[in-house]
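Engineer:
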Amino acid sequence: MDKSSQDSKAKIRQQMSCLRKGLLPEDIEKKSGEIARKTVQLNMFRAAKTVMVYRALPDEVQTEEIIALARRIGKQVCIPYVLKGHNKLGVARWPNETEGWVAGPFGIQQPEPARFISPDVLDLVLAPGLAFDCNGGRLGYGKGYFDQLFTSTRPDCLRLGLAFDFQVIDDVPMDTNDQALNGVITDKRTLLRAS
Numbered sequence: 001m002d003k004s005s006q007d008s009k010a011k012i013r014q015q016m017s018c019l020r021k022g023l024l025p026e027d028i029e030k031k032s033g034e035i036a037r038k039t040v041q042l043n044m045f046r047a048a049k050t051v052m053v054y055r056a057l058p059d060e061v062q063t064e065e066i067i068a069l070a071r072r073i074g075k076q077v078c079i080p081y082v083l084k085g086h087n088k089l090g091v092a093r094w095p096n097e098t099e100g101w102v103a104g105p106f107g108i109q110q111p112e113p114a115r116f117i118s119p120d121v122l123d124l125v126l127a128p129g130l131a132f133d134c135n136g137g138r139l140g141y142g143k144g145y146f147d148q149l150f151t152s153t154r155p156d157c158l159r160l161g162l163a164f165d166f167q168v169i170d171d172v173p174m175d176t177n178d179q180a181l182n183g184v185i186t187d188k189r190t191l192l193r194a195s
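The sequence shown begins at 1 in UniProt numbering and counts up one residue at a time.
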């Protein structure tokens, strides 16, 4: 990655982090609800048998509503977890609400090791991020977790970002290791890339 791309990414990360931190909890809840409704109405969500959904940080798009509906309609729900000692994500089946969880990095509970599965079972991944664009660009937190995970999924696994509308920018700087998404769902619009 060249220096100008690194600098551009750092600047965008800082701007988007500040904007997200400025959201009131009730705004996050309302916008997240809109995003959840749009997500579960998509044909690609309805068709997916196995869906990976992240557990949200307080200022991210909240995913509890999506997870609850997916489980209610019989989808296999998976969540990412950080592999200890590695700079990458794994995939685990969703535990029940009270058992099967252990403390993970970033203060997020993650499934216990007995629930880990291969990423090649995923039909749809819903990913967080700091910035997105209309061409499938996604800017995460800089660790490359989701980019590495996407290289382990099947080629037909769909990847969608969940974002507040202000997180969609004209152009996300992409490097050779950055993996494009199939689209992004915001509180105001659904942007799907042509296949």
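Using N, Cα and C, we set each Cβ at its ideal position, and we do this for glycine too.
This one's a predicted model, so the numbers in the text were calculated from it and none came from an experiment.
Over what stretch of residues does the alpha helix (DSSP H) that includes R37 continue unbroken?
Structural biologist: In the sequence shown, the residue the question calls residue 37 occupies position 37. Segment P25 to Q41, the alpha helix (DSSP H) holding R37.
Engineer: What are the boundary residues of the beta strand (DSSP E) that includes R159?
Structural biologist: Stepping through the sequence shown from its first residue, residue 159 is reached at position 159. Start and end: L158 to L162.
Engineer: Going by C-alpha to C-alpha distance, which of T190, N87, S152 and V61 sits closest to E26?
Structural biologist: In the sequence shown, counting from the first residue as 1, residue 26 sits at position 26. For E26, the nearest C-alpha among the options comes from V61.
Engineer: Does C78 come out as helix, strand or coil in the three-state DSSP assignment?
Structural biologist: Counted from its first residue, the sequence shown places residue 78 at position 78. DSSP places C78 in strand when its eight states are reduced to three.
Engineer: What three-state label does DSSP hand F174 in the structure shown?
Structural biologist: Against the sequence shown, residue 174 aligns to sequence position 174. According to the sequence shown, residue 174 is Met rather than Phe. Of the three classes helix, strand and coil, the one that applies to M174 here is coil, per DSSP.
Engineer: Give me the Cα-Cα distance between V40 and A103, rounded to the nearest whole angstrom.
Structural biologist: To locate residue 40, count along the sequence shown from 1; it is residue 40. To locate residue 103, count along the sequence shown from 1; it is residue 103. Roughly 29 Å between the two C-alpha positions.
Engineer: Using the DSSP secondary-structure output, state which residues sit across from M52 in a beta bridge.
Structural biologist: Along the sequence shown, one-based indexing puts residue 52 at 52. M52 is bridged to C78 and V125.
Engineer: From the DSSP output, in three-state form, read off L69 for me.
Structural biologist: By 1-based counting over the sequence shown, the position of residue 69 is 69. Correct three-state label for L69: helix.
Engineer: Flag this pair as yes or no: are the beta carbons of L160 and T63 separated by less than 8 Å?
Structural biologist: As a working note, residue 160 is residue 160 in the sequence shown. As a working note, residue 63 is residue 63 in the sequence shown. No.
Engineer: Check whether the Cβ atoms of K188 and D165 sit closer than 8 Å, and answer yes or no.
Structural biologist: Stepping through the sequence shown from its first residue, residue 188 is reached at position 188. Stepping through the sequence shown from its first residue, residue 165 is reached at position 165. Contact flag set, yes.
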